[in-house]
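Trainee: Chains as they are written, first to last, in the working numbering: chain A, 183 to 698; chain B, 6 to 318. For each residue, glycine too, the CB sits at the ideal point set by N, CA and C.
(1) Using CA atoms only, rank isn't needed, just tell me which of B:75, B:44, B:69, B:307 is closest to residue 61 (chain B).
(2) Mind pulling the chain A residues with CB within less than 7 Å of residue 177 (chain B)?
(3) If I measure Cβ to Cβ from residue 101 (chain B) and keep anything under 8 Å in the same chain, skipping five residues before and after, which residues do I get?
(4) Look up residue 474 (chain A) in the DSSP assignment and say whether it is helix, strand or coil.
(5) What residues of chain A sit near residue 254 (chain B), judged by a beta carbon separation below 7 Å?
(6) I'd like the list of long-range same chain contacts for residue 692 (chain A), defined as Cβ closer than 7 Å, with 5 residues on each side in sequence excluded.
(7) Does residue 433 (chain A) come within less than 9 Å of chain B when only Cβ atoms are used?
(8) Output the distance between the C-alpha atoms of residue 310 (chain B) and residue 246 (chain B), rounded to the nearest integer angstrom.
(9) Roughly how far, in whole angstroms, is the beta-carbon of residue 142 (chain B) from the beta-carbon of residue 129 (chain B), given that I think they are within contact range, below 8 Å?
(10) Taking the beta strand (DSSP E) that residue 223 (chain A) belongs to, which residues open and close that run?
(11) Could you tell me if residue 621 (chain A) is buried or exposed, where buried requires 16 or more neighbouring beta carbons within 10 angstroms of its beta carbon?
(12) Can you check whether the C-beta of residue 410 (chain A) is within less than 9 Å of a C-beta belonging to chain B?
(13) Would you call the stretch 607-621 of chain A and the stretch 493-500 of chain A in contact, with 3 or more CB pairs under 8 Å?
(14) Between which residues of its own chain and residue 229 (chain A) is the CB-CB distance below 6 Å, once the five residues before and five after are set aside?
(15) Taking only beta-carbon positions, decide if residue 278 (chain B) is within less than 9 Å of chain A.
(16) Can you confirm whether residue 69 (chain B), when its beta carbon is compared against all beta carbons of chain A, has any partner nearer than 9 Å?
(17) Run through chain A and tell me which residues come within less than 8 Å of residue 57 (chain B), C-beta to C-beta.
(18) Determine the burial state of residue 600 (chain A): buried for a count of at least 16 other Cβ atoms within 10 Å of its Cβ, exposed for fewer.
(19) Are the CB atoms of residue 374 (chain A) and residue 399 (chain A) nearer to each other than 9 Å?
(20) Under 7 Å Cβ to Cβ from residue 280 (chain A), same chain only, skipping five residues before and after it: list those, please.
(21) Straight-line CA distance for residue 488 (chain A) to residue 664 (chain A)?
(22) Give a yes or no on whether the minimum CB-CB distance between residue 137 (chain B) and chain A is below 9 Å.
(23) Threshold first: 4 residues or longer. Then list the alpha helix (DSSP H) segments lying entirely within the stretch 476-531 of chain A, N to C.
(24) Could you spell out the range, first to last residue, of the alpha helix (DSSP H) harbouring residue 112 (chain B)?
(25) So if DSSP puts residue 451 (chain A) in a beta bridge, which residue, or which two residues, is it bridged to?
(26) Taking buried to mean at least 16 other C-beta atoms within 10 Å of its own C-beta, is residue 560 (chain A) buried or exposed?
(27) Is there at least one Cβ from chain A nearer than 9 Å to residue 240 (chain B)'s Cβ?
(28) Restricting to Cα atoms, I'd like to know which of A:470, A:439, A:534, A:327 is closest to residue 585 (chain A).
(29) Examine the ligand MN and report whether any of its heavy atoms sits within less than 8 Å of the Cβ of residue 310 (chain A).
(30) Can you confirm whether the stretch 595-613 of chain A touches the stretch 462-469 of chain A when touching is taken to mean that 3 or more C-beta pairs between the two stretches lie within less than 8 Å?
(31) Taking only beta-carbon positions, decide if residue 269 (chain B) is within less than 9 Å of chain A.
(32) Hey, quick one: how far does the alpha helix (DSSP H) through residue 198 (chain B) stretch, first residue to last?
(33) Where does residue 307 (chain A) sit, in a helix, a strand or coil, going by DSSP?
(34) Give every residue of the same chain whose Cβ lies closer than 7 Å to the Cβ of residue 550 (chain A), excluding the five residues on either side of it in the sequence, and list them in chain order.
(35) From residue 484 (chain A) to residue 641 (chain A), what does the alpha carbon distance come to, in whole angstroms?
(36) Measure the CB-CB distance between residue 204 (chain B) and residue 131 (chain B) and report whether it falls below 9 Å.
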């Protein structure tokens, strides 16, 4: 398959090996010998465009955050793996259901008004009142937000919740001046607190920002920025190569080789919290039998899959988590194909090929058609006939949620709401999980997740996640195929850029450019 | 004339009603829940809770019977209100008009470019059918049909942006940023226009009035210029209008690759996201323009046919 791509595969594989070392914490590109030119402006190509009129509860919040406009009470530092102060200087759990956040004194919105407990409460309640609430911060997990005094905000929860500081690092909980919240929608212009203030917008094209001269976090190293909304991956790659952009986010695999060969460009990679997964229906025969599921897993050649379909830009998965994630646990053995073992497991399970099993490959991810073909071939080797159906996710979802399917190729962002996998592990694998595509149910697993949800100590909580992950592995709930990589490309004169696999933080006060 | 205008007006109203109704039905007859699609367009991710779906359905009026929903939209439309986008909650007209202006400019540039290239090629080819030049022109222009936009566009970027560094790769800022998208869109029209002009010239050259003009004392060149070329151009007016109408909503691939904020992208996103008011508003405007442009083309065609006294009625 795709033999003509062999040179590209080799280059990409080499790139992937280089990227492997980057880990979950993202990559830092530093040019210590170069001096920042504070008169420079920077261009960032982002992969998504705002579609919801800057609604803070929508993904537009990511754009405002990466642009250096929107800030939250806390931030999550990938490198340190912990929540750090931002607009809040400290926080403490004052009762099992209450968390108090001290608001940083002396911070002003870009319109000159002070950031106070009252303005923070108003901003957070705006998010809570949204018709389609934010995943990270809504009425199901937050009961109220109130001002205790002029500089203290109390966040109350309906049940004990150690992850409130994590939730307040979500970009959807960004704080804007009261004047930003208008009846016709959110107006971010001049109403943020970040190092850059938006000054103009070209609808569906770009957002232009200038330096915030009064930024509370220190001197801003750039005069301004333009964040472009370029949804086509190859175009983003071409722009950083021509120098039209300085930073291009989310580079497609096919463009990696060209960029790596360009002296003017640095390619950065990190584990993304996404694992391409073959979901198996644990609630329907024959995949309700754990031995059959294990046989399926044993039959898969993940190395070949990563090298061929993903052209080396993804790594074979070791389980439900990426190995670099702090909750992945110690034992991270790569799944090796073992056809004989798979056949034995099938025979032991009494499997008979009464009907072909169906793999649904969602069309939104073009590579899944090829992945399905590889899996089909692998399973044929152990005597499981497979048919492949390509569908839009929206059309597959009702049947999958109802349990009327065999296998589904899809991928999930484990950290889509907060920098902690509790939401993912609860929704996807608990008996009452709202997104339990695998129809897996195990009381022991549920008990561990319930304990984790109440565990304040981060290390202990991560241990519980690892334990839960091990159950998923032992029960072969799904076949985890490859861990995807987040890949950004920057011009070599960009200074102080730290890659964030979730693209929340791109432009900061420290981002700079050397004189051209 | 009055009868013609009345007929075309009726066609316009029928086209608006039929197209808007068809677009309205798309989300309900394609797989997947429209409300979930709307939510996913605002917030990436898979897990959506049922309470949010219910709340949004209620607030957007999507729990009403389909007939009620459609008639409500139609009533608002004919009173001048295209409604609010389901996704952005901003007026549809504020999204459609800027996108239309962009695509209108892009398509106009592409077709003018196509006409400028295909006219001389078609005339040269048609005046000497079967010659080496004719064969070469026909071969090259026919080959353009086989080049899909998703292939041509990256090749043009590779050559003019990456290798030669003379044009930007994408965006919609100044004339230079319009060159590559316009060129990509122009290639297929060049092929069709050249073929049409060639055929028109061949027919006109074979008409009886050409020898008659020579007999009246016109030189060969004068006869060609006065009688052959004008007749040869008549079919182009209709073809130009048809392509114009088609590309207004059909340039989505080029708009995505070159990050052009036009109608193609707007319509595509609206349909994918089940943004029914936006899709309806966009399609209605495109259809109305298409009817308007083809009507205008009919006028021009009739005028030219009469003026040049050619063979085409």
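Mentor: So, to answer that:
(1) Locating residue 61 (chain B) in the second chain gives position 56, where the first residue counts as 1. Out of B:75, B:44, B:69, B:307, B:44 has the C-alpha closest to the C-alpha of residue 61 (chain B).
(2) Translated into positions along the second chain, residue 177 (chain B) becomes position 172. Contact of residue 177 (chain B) with chain A by beta-carbon distance below 7 Å involves 387.
(3) For the purposes of this step, residue 101 (chain B) is taken as the residue at position 96 of the second chain. Excluding positions up to five away in sequence, the list reads 87, 268, 271, 283, 286, 287, 290.
(4) Along the first chain, one-based indexing puts residue 474 (chain A) at 292. Here residue 474 (chain A) sits in helix by DSSP.
(5) Taking the first residue of the second chain as position 1, residue 254 (chain B) is located at position 249. Per Cβ cutoff of 7 Å: no residues; residue 254 (chain B) is ~16 Å from chain A at best.
(6) In the first chain, residue 692 (chain A) corresponds to position 510, counting from 1. Counting only Cβ-Cβ distances below 7 Å, and skipping sequence neighbours, we find 403, 678.
(7) Locating residue 433 (chain A) in the first chain gives position 251, where the first residue counts as 1. No, no contact with chain B.
(8) By 1-based counting over the second chain, the position of residue 310 (chain B) is 305. By 1-based counting over the second chain, the position of residue 246 (chain B) is 241. CA-CA distance, residue 310 (chain B) to residue 246 (chain B), rounds to 16 Å.
(9) In the second chain, residue 142 (chain B) corresponds to position 137, counting from 1. In the second chain, residue 129 (chain B) corresponds to position 124, counting from 1. Between residue 129 (chain B) and residue 142 (chain B) the Cβ distance is about 7 Å, and since that is below 8 Å, they are a contact.
(10) Here residue 223 (chain A) is taken as the residue at index 41 of the first chain, counted from 1. Element bounds for residue 223 (chain A): 223-228.
(11) Within the first chain, the letter at position 439 stands for residue 621 (chain A). Its Cβ being crowded by 16 or more others within 10 Å, residue 621 (chain A) is buried.
(12) Position 228 of the first chain, counting from 1, holds the residue named residue 410 (chain A). So, interface residue.
(13) Contact check between the stretch 607-621 of chain A and the stretch 493-500 of chain A: fewer than three CB pairs, one atom from each, fall below 8 Å, which does not count as touching.
(14) Here residue 229 (chain A) refers to the residue found at position 47 when the first chain is read from its first residue. For residue 229 (chain A), where only same-chain residues beyond five positions count, the Cβ hits under 6 Å are 431, 432.
(15) As a first step, residue 278 (chain B) is located in the second chain; it is residue number 273 there, counting from the start. It does; some Cβ of chain A falls within 9 Å.
(16) As a first step, residue 69 (chain B) must be located in the second chain, where it is residue number 64. For residue 69 (chain B), the answer is no, since every Cβ of chain A falls outside 9 Å of its Cβ.
(17) Walking along the second chain from the start, residue 57 (chain B) turns up at place 52. In chain order, 313, 314, 315 make up the part of chain A whose C-beta sits under 8 Å from the C-beta of residue 57 (chain B).
(18) Along the first chain, read from residue 1 onward, the residue named residue 600 (chain A) stands at position 418. Burial is judged here by how many other beta carbons sit within 10 angstroms of a residue's own beta carbon; residue 600 (chain A) has at least 16 and is buried.
(19) Residue numbering aside, residue 374 (chain A) sits at position 192 when the first chain is read from its first letter. Residue numbering aside, residue 399 (chain A) sits at position 217 when the first chain is read from its first letter. For residue 374 (chain A) and residue 399 (chain A), no; Cβs fall outside 9 Å.
(20) One-based indexing of the first chain puts residue 280 (chain A) at position 98. Here the set comprises 336, 338.
(21) Numbered from 1 along the first chain, position 306 holds the residue referred to as residue 488 (chain A). Numbered from 1 along the first chain, position 482 holds the residue referred to as residue 664 (chain A). Distance between the alpha carbons of residue 488 (chain A) and residue 664 (chain A) is about 7 Å.
(22) Translated into the one-based positions of the second chain, residue 137 (chain B) becomes position 132. Not closer than 9 Å to any Cβ of chain A, the Cβ of residue 137 (chain B) fails to qualify, so no.
(23) Taking only runs of at least 4 residues, the alpha helix (DSSP H) segments lying wholly in the stretch 476-531 of chain A are 484-490, 521-531.
(24) Sequence index remark: in the second chain, residue 112 (chain B) carries index 107 (1-based). 97-132 is the extent of the alpha helix (DSSP H) around residue 112 (chain B).
(25) Position 269 of the first chain, counted from the start, is the residue given in the question as residue 451 (chain A). In the DSSP output, where bridge partners are listed per residue, residue 451 (chain A) has A:669.
(26) Locating residue 560 (chain A) in the first chain gives position 378, counting from the first residue. Looking at its Cβ environment, which holds 16 or more other Cβ atoms inside 10 Å, residue 560 (chain A) is buried.
(27) Against the second chain, residue 240 (chain B) aligns to sequence position 235. By this cut-off, residue 240 (chain B) is not an interface position.
(28) In the first chain, residue 585 (chain A) corresponds to position 403, counting from 1. Checking every option, the nearest Cα to that of residue 585 (chain A) belongs to A:470.
(29) The ligand content of the structure shown is nil, which means the ligand MN is not present either.
(30) Contact annotation: the stretch 462-469 of chain A does not touch the stretch 595-613 of chain A, with fewer than three C-beta pairs closer than 8 Å.
(31) Numbered from its first residue, the second chain carries residue 269 (chain B) at position 264. So, not an interface residue.
(32) Along the second chain, one-based indexing puts residue 198 (chain B) at 193. 180-211 is the extent of the alpha helix (DSSP H) around residue 198 (chain B).
(33) The count along the first chain starts at 1 and reaches residue 307 (chain A) at position 125. Of the three classes helix, strand and coil, the one that applies to residue 307 (chain A) here is helix, per DSSP.
(34) Along the first chain, read from residue 1 onward, the residue named residue 550 (chain A) stands at position 368. Within the same chain, residue 550 (chain A) has close Cβ partners 543, 544, 591.
(35) Along the first chain, one-based indexing puts residue 484 (chain A) at 302. Along the first chain, one-based indexing puts residue 641 (chain A) at 459. Their Cα atoms are separated by approximately 31 Å.
(36) For this step, residue 204 (chain B) is matched to residue 199 along the second chain. For this step, residue 131 (chain B) is matched to residue 126 along the second chain. Judged by their CB atoms, residue 204 (chain B) and residue 131 (chain B) are nearer to each other than the 9 Å cut-off.
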